[in-house]
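**Student:** Handing you a structure now.
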Amino acid sequence: MNLLNHNELKFEQADNGFLCLKISDDKIFEMVECMPLFPLTQPDNYISVSSRSENGTEEIGIIEDLNKLAKAQQALVKNEIEFRYFSPEIIDIKKITSKYGVDQWEVVTNKGEKTFMVQDVKENVLIRESGLIVITDIDDCKYQIRNYHQLPTRARLELEQTLL
Amino acid sequence: MDRIILPEYLKKTFEDHFTGEKAYVAVASDLTSQITYGEEWLLATEKELLTYSIVNNKANLISSHNLSDIKAIENINLTGSGVVEINVDSKSQRLIYYSNAKSSDFAEAVEDIKALIDGKPLERRDKEWKRKICEICQSPIPEDLNKCPRCTDKTKTFRRILSFSRPYAKLLSLIFLTLVAETCLGLITPYMSKLFIDVILKPEAKTGLYINARWIPFAALALLTAYIGQNIFSSLHLRLAGVVGHKTVYDVRAAIYEKLQQLSLAYFDKHQTGAIMARVNQDTRELQYLLVDFIPLSLESLFVLIGVGVFLTILSWQLTLFVLLPIVATVIFFKKIFAKVRLAYRRYYHRRSRLNALVNDSLSGIRVIKAFGQEGEELNKFDVKSSSFKDAGIDFEVKWSLYSPTLQLLIMSGTVLVWFVGGQFVVGGKMSLGDVVAYSGYLAMFYRPIFMLTRMVERITSALSAAERIFDVIDTEPKVKDATDAIELSEIKGEIKFKNVTFGYDPYKFVIKNFDETIRPNEIVGLVGKSGAGKSTIINLVCRLYDVTKGAIEIDSIDLRQIKYHDLRHQIGVVLQETFLFNGTIFENIAYAKPEASTNEIIEASIAANAHEFIMKKSDGYDTEVGERGNRLSGGEKQRIAIARAILRNPRILILDEATSSLDTETEKKIQEAMKNLTRGRTTIAIAHRLSTLRNCDRLFVIDEGKLVEVGTHEELMNKKGIFYNLVSIQTEMSQIMALSE
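If you want it as structure tokens, here you go:
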């Protein structure tokens, strides 16, 4: 496992929408992609950094802890991660209406307000002991509740009525 | 193009910039370049590709590219989202982001833009390509359904459920009659109490004598007759309802199972086995509950409610007005507060299921647990789930112990009120004592139907949801089916032609791209490539488990889709990587390929497959039970049974998905011999992993990311020193390392 040295990494946003990575001045990678290896359980740790070229995508190395990067650098990597693993975090639930096996969720996410539909809760909602909930809607879009115990009380009640 | 209608705010900006030009492609995204929900647009004119951001209903041009500068354009699918990327001056550029909800729109747009770049006419899309939107609620319709589940006419669904009971119409009429009789007899009994008190057991005012006492035996007999009659009709109605319900559900279950057997593999890719099993078992059980219990009981409740209501009003309409107060309070409490008990029970039930699943998982994997010494860890996991189950149990009991007596108290308050108000009415001469006793009896009968009907909407909704899910399966059209003009092909020669085949399990995510090659009759072709390259997909397409998205596969110059499915399947034999054996004997498992095969044929096939040797060493020979999924046999034994199956079928086209698991040298040799016997004189497509198999192939097709990248003999490809050469080198190195480590 090639763990990258946080102090040597310098990410830049290129004009073409990709990230660029310089490692200690002598190594420059273009079209850099970042992917969390544990997107659900450790979203800020173990970020695989790879570079795309004509020969395919090759891993440059792994960032062990994203929080050790400078704030501006973190923001660049997080933006790239959010793009590659788009799974908005639900921070409040306004209403869940169940009708004939289809639930309509009206929620507030960290990416804005959203209404989506979930068919067959048993199949499309994953509940972990830690309180993490992953919901997949009928469009195959994913949403997360990091810890449902920490949702506002009313939102938690809505959730319990639907999921339990 | 007429179909493109731009919103006003975008239309104006676009027309200002590109006066007189026309947008041939226009698609709205639901994400911004900052990866937040928002609106951006991708537009293409005859010459340019444009992106716009929309902020406060104002459009701003973000980028513009000449179509002639764009070397390539494609959709990159990611988790939950996607991006359109273009290649300009040999450099990739991200253009616009979208969530999965917009995938099909952008897939279509990119295809159209490619056509514009190539100067080709824009294609009309297959309707499958477009996201289906409900015309009523404008919500997206799940891909595998043809109707919006939220806007489906529920009365239609209900009628459809009942239509399954139509063959039993006479029995249903009988159920109705028994219900009426049972209800009428039930209503007699409280009234008899009134007669006893007010007439039979009432002494004459003047003499104090019980002059009507002679009626006691007759009245008692009448009461007994009413009770007996009520119970006989109750038993009869339960029995008839059970018969009709079970027969109806049997028919529904048969219909759903028959459809499941007809459905294409694509359906099973999208639905988990557990969910499908839930359709067959739980949803039909829900229907059974509706038909066997709920509808008859609701009907009975309705009759009782009307009958009791009439008697209560006749006995004293004034008292009825008083009694309505606790009844309304009870109904509100039952619906609003008591619902918490039901929620607590659901949570308790849910956690019990999770605990059961854990125990099941743990016991199934007990060997692994012991091998890794993870007993303690498993105990911890069990403890967490068991504790959560315990908490849910305690919560349920606490709620039950609190709310159940409260509910009882509310019910009893009605009876108290009857005696409190009714007692004063008796004193005031407005009612007799018998009236109050009868009234109290009728009131006791009044609550059960109320509770029943209070939950009616919930129960019917739940049953209708189950019915919808069942009908969804029954109504799903198999994606792969015989064409109306399909032809019979009883004898296949074995030429397989791939004509520019493109395919994606999702219609806009291609996993096979422009595959174009021909396999000659009786040729053995090996498919080679990295895991996920598309080898198994090619096999699935040849077997017509899926239909190609673009292009065609021809067998003996006939499009696969024009050949009768039955003829095709009967001439293709398959030996899969993971041999699935059904619970049964070795004989039954080999005969599965040809149920009408004679014993001789089965033994011959086993000998050719080098399976006979191990079978005869089993104590029960061919009658040996293979166990669940064949787990009583070794990997090599299972493979040879699969080969025997294929030999018995004697197919013209053979598909081999070679097992990757390593076998001992002796077994490997036996399987190789069996394979030689099997492939002789047949067109064979093999997904080859072993070098020995690769050498036996006439030609090898090397597949990389869904594209056919190299074709040739083993020798030719080795000399070419391309992808195949690299794959073989890696495998040889691995074999040497493995040999050294042994």
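The listed protein sequences derive, respectively, from chains F and Z. First residue of the first sequence? That's 0 in numbering that gives the first Met the number 0, and the numbers climb one at a time after it. First residue of the second sequence? That's 0 in numbering that gives the first Met the number 0, and the numbers climb one at a time after it. C-beta: ideal position from N, C-alpha, C; glycine also.
Since Gly-79(Z) meets chain F, which of its residues come closer than 8 Å, beta carbon to beta carbon?
**Tutor:** Start at 1 with the first residue of the second sequence, and residue 79(Z) comes out as number 80. The contacting residues are Tyr-84, Phe-85, Ser-86, Asp-139, Cys-140 and Lys-141.
**Student:** Mind pulling the chain F residues with CB within less than 8 Å of Ser-363(Z)?
**Tutor:** The residue labelled residue 363(Z) in the question sits at position 364 within the second sequence. Under the 8 Å cutoff, chain F gives no residues; its nearest Cβ is about 20 Å from Ser-363(Z).
**Student:** How long is the line joining the alpha carbons of Val-547(Z) and Phe-502(Z), rounded to whole angstroms?
**Tutor:** Here the question's residue 547(Z) lines up with position 548 in the second sequence. Here the question's residue 502(Z) lines up with position 503 in the second sequence. Roughly 5 Å between the two C-alpha positions.
**Student:** Who are Thr-501(Z)'s beta bridge partners in DSSP?
**Tutor:** Position 502 of the second sequence, counted from the first residue, corresponds to residue 501(Z). Answer is Lys-549(Z), bridged to Thr-501(Z).
**Student:** How long is the line joining the alpha carbons of Cys-133(Z) and Thr-161(F), rounded to whole angstroms?
**Tutor:** On the second sequence, residue 133(Z) is found 134 positions in, with the first residue counted as 1. On the first sequence, residue 161(F) is found 162 positions in, with the first residue counted as 1. So the two alpha carbons sit approximately 24 Å from each other.
**Student:** So that I know if they touch, is there some Cβ in chain Z lying closer than 9 Å to that of Pro-42(F)?
**Tutor:** Your numbering for residue 42(F) matches position 43 in the first sequence. So, not an interface residue.
**Student:** Assuming contact is defined by CB atoms lying nearer than 9 Å, are Val-243(Z) and Val-291(Z) in contact in what I supplied?
**Tutor:** Looking up residue 243(Z) in the second sequence gives position 244. Looking up residue 291(Z) in the second sequence gives position 292. Yes, Cβ-Cβ distance for Val-243(Z) and Val-291(Z) is below 9 Å.
**Student:** Which residues does DSSP list as the beta-bridge partners of Ala-685(Z)?
**Tutor:** Within the second sequence, residue 685(Z) is the residue found at index 686, counting from 1. Looking at the DSSP assignment, Ala-685(Z) forms a beta bridge with Gly-525(Z) and Leu-655(Z).
**Student:** Distance, Cα to Cα, Arg-644(Z) vs Met-717(Z)?
**Tutor:** Here residue 644(Z) refers to the residue found at position 645 of the second sequence. Here residue 717(Z) refers to the residue found at position 718 of the second sequence. If I take the Cα positions, the gap works out to 34 Å.
**Student:** To the nearest angstrom, how far is it from the Cα of Phe-395(Z) to the Cα of Lys-384(Z)?
**Tutor:** As a first step, residue 395(Z) must be located in the second sequence, where it is residue number 396. As a first step, residue 384(Z) must be located in the second sequence, where it is residue number 385. So the two alpha carbons sit approximately 16 Å from each other.
**Student:** DSSP state of Phe-157(Z), grouped into three classes?
**Tutor:** Translated into the one-based positions of the second sequence, residue 157(Z) becomes position 158. Looking at Phe-157(Z) - three-state DSSP - the assignment turns out to be helix.
**Student:** Pick from Ala-687(Z), Ile-34(Z) and Glu-285(Z): whose alpha carbon is nearest that of Thr-460(Z)?
**Tutor:** Along the second sequence, read from residue 1 onward, the residue named residue 460(Z) stands at position 461. Answer by Cα proximity: Glu-285(Z).
**Student:** Are the C-beta of Ala-265(Z) and some C-beta of chain F separated by less than 9 Å?
**Tutor:** Taking the first residue of the second sequence as 1, we reach residue 265(Z) at position 266. No, its Cβ sits nowhere closer than 9 Å to a Cβ of chain F.
**Student:** May I ask you to verify whether the stretch 65-76 of chain F touches the stretch 39-48 of chain F, counting CB pairs closer than 8 Å and requiring at least 3?
**Tutor:** A contact exists between the stretch 65-76 of chain F and the stretch 39-48 of chain F.
**Student:** Spell out whether any CB of chain Z is found under 9 Å from the CB atom of Lys-113(F).
**Tutor:** Within the first sequence, the letter at position 114 stands for residue 113(F). It does: the Cβ of Lys-113(F) has a partner Cβ on chain Z nearer than 9 Å.
**Student:** List the residues of chain Z that Phe-17(F) touches, going by C-beta distances under 9 Å, in chain order.
**Tutor:** To locate residue 17(F), count along the first sequence from 1; it is residue 18. Near Phe-17(F) (Cβ distances below 9 Å), the residues of chain Z are Ser-91, Gln-92 and Arg-93.
**Student:** Of the choices Asp-555(Z), Lys-335(Z) and Gln-638(Z), whose alpha-carbon is the least far from that of Ser-605(Z)?
**Tutor:** What you label residue 605(Z) is simply residue 606 of the second sequence in a count that begins at 1. When only C-alpha atoms are compared, the closest one is Gln-638(Z).
**Student:** Just to check my reading of the structure: Cys-140(F) and Ala-100(Z) have Cβ atoms closer than 8 Å, yes? What is that Cβ distance to the nearest angstrom?
**Tutor:** As a working mapping, residue 140(F) is identified with position 141 in the first sequence. As a working mapping, residue 100(Z) is identified with position 101 in the second sequence. Indeed they touch by this definition, with Cβ atoms about 6 Å apart.
**Student:** For the candidate residues Asp-119(F), Leu-2(F) and Glu-122(F), whose alpha-carbon lies nearest to that of Glu-63(F)?
**Tutor:** Here residue 63(F) is taken as the residue at index 64 of the first sequence, counted from 1. Checked all of Asp-119(F), Leu-2(F) and Glu-122(F); the closest Cα to Glu-63(F) is Leu-2(F).
**Student:** Just the chain F side, please: which residues come within less than 8 Å of Ser-98(Z) by C-beta, in chain order?
**Tutor:** Taking the second sequence and counting its residues from 1, one reaches residue 98(Z) at position 99. By Cβ distance, chain F contributes Phe-85, Asp-138 and Cys-140.
**Student:** In the stretch 29-61 of chain Z, which residues sit with their C-beta less than 7 Å from some C-beta in chain F, listed in chain order?
**Tutor:** Listed in sequence order: Ile-34, Thr-35 and Tyr-36.
**Student:** Output, in chain order, the set of chain Z residues within a Cβ distance shorter than 7 Å of Glu-81(F).
**Tutor:** Stepping through the first sequence from its first residue, residue 81(F) is reached at position 82. What Glu-81(F) touches in chain Z: Ile-34.
**Student:** Using 8 Å as the Cβ pair cut-off and three pairs as the minimum, do the stretch 420-440 of chain Z and the stretch 247-262 of chain Z touch?
**Tutor:** Because the criterion of three Cβ pairs below 8 Å is not met, the stretch 420-440 of chain Z and the stretch 247-262 of chain Z do not touch.
**Student:** Taking Asp-102(F) and Ala-154(F) to be in contact with their CB atoms under 8 Å, please state how far apart those CB atoms are, rounded to whole angstroms.
**Tutor:** For this step, residue 102(F) is matched to residue 103 along the first sequence. For this step, residue 154(F) is matched to residue 155 along the first sequence. Going by Cβ atoms, the distance from Asp-102(F) to Ala-154(F) rounds to 14 Å, so no, they are not a contact pair.
**Student:** Measuring only between beta-carbons, confirm whether Val-383(Z) sits less than 9 Å from chain F.
**Tutor:** Numbered from 1 along the second sequence, position 384 holds the residue referred to as residue 383(Z). Yes, Val-383(Z) counts as interfacial toward chain F.
**Student:** Going residue by residue through the stretch 55-120 of chain F, where are the continuous beta strand (DSSP E) segments of at least 3 residues, counting only ones entirely within it?
**Tutor:** Taking only runs of at least 3 residues, the beta strand (DSSP E) segments lying wholly in the stretch 55-120 of chain F are 55-64, 89-98, 101-108 and 111-118.
**Student:** Tell me, to the nearest whole angstrom, how far the beta carbon of Asn-582(Z) is from that of Glu-627(Z); I am working on the premise that it is less than 8 Å.
**Tutor:** Mapped onto the second sequence, residue 582(Z) falls at position 583. Mapped onto the second sequence, residue 627(Z) falls at position 628. Yes, Asn-582(Z) and Glu-627(Z) are in contact; Cβ-Cβ is about 5 Å, under 8 Å.
**Student:** Against chain F, does Arg-458(Z) count as a neighbour if the rule is that its beta carbon must be under 9 Å from one of theirs?
**Tutor:** In the second sequence, residue 458(Z) corresponds to position 459, counting from 1. Taking Cβ atoms only, chain F never reaches closer than 9 Å to Arg-458(Z), which makes this a no.
**Student:** Are Ala-742(Z) and Lys-380(Z) close, meaning C-beta to C-beta below 9 Å?
**Tutor:** Given a span of 0 to 741 for chain Z in the structure shown, any question on residue 742(Z) remains unanswerable.
**Student:** What are the residues in the stretch 329-351 of chain Z lying within 7 Å of chain F by C-beta distance?
**Tutor:** Taking 7 Å as the Cβ-Cβ cut-off against chain F, the residues of the stretch 329-351 of chain Z that qualify are Leu-342, Arg-345, Arg-346 and His-349.
**Student:** Can you give me the C-alpha to C-alpha distance between Phe-302(Z) and Ile-95(F), rounded to a whole angstrom?
**Tutor:** As a working note, residue 302(Z) is residue 303 in the second sequence. As a working note, residue 95(F) is residue 96 in the first sequence. Each residue's alpha carbon lies about 36 Å from the other.
**Student:** Which residue comes first and which comes last in the alpha helix (DSSP H) that contains Ser-32(Z)?
**Tutor:** In the second sequence, the residue the question calls residue 32(Z) occupies position 33. From DSSP, Ser-32(Z) is part of no alpha helix (DSSP H); its letter is neither H nor E.
**Student:** Is Gln-576(Z) closer than 9 Å to Glu-657(Z) when the C-beta atoms are compared?
**Tutor:** The count along the second sequence starts at 1 and reaches residue 657(Z) at position 658. The count along the second sequence starts at 1 and reaches residue 576(Z) at position 577. Yes, Cβ-Cβ distance for Glu-657(Z) and Gln-576(Z) is below 9 Å.
**Student:** Taking 8 Å as the threshold, find out whether the stretch 27-34 of chain F comes into contact with the stretch 82-91 of chain F through three or more Cβ pairs.
**Tutor:** The answer is yes - the stretch 82-91 of chain F touches the stretch 27-34 of chain F, with three or more Cβ pairs under 8 Å.
**Student:** At which residues does the beta strand (DSSP E) containing Ala-391(Z) begin and terminate?
**Tutor:** To locate residue 391(Z), count along the second sequence from 1; it is residue 392. Looking at the DSSP string, Ala-391(Z) is not in any beta strand (DSSP E); the run it does join, the alpha helix (DSSP H), is 374-426.
**Student:** Looking only at DSSP bridge pairs, what is Ala-25(Z) linked to?
**Tutor:** Working through the second sequence from its first residue, we reach residue 25(Z) at position 26. Paired residues: Leu-42(Z).
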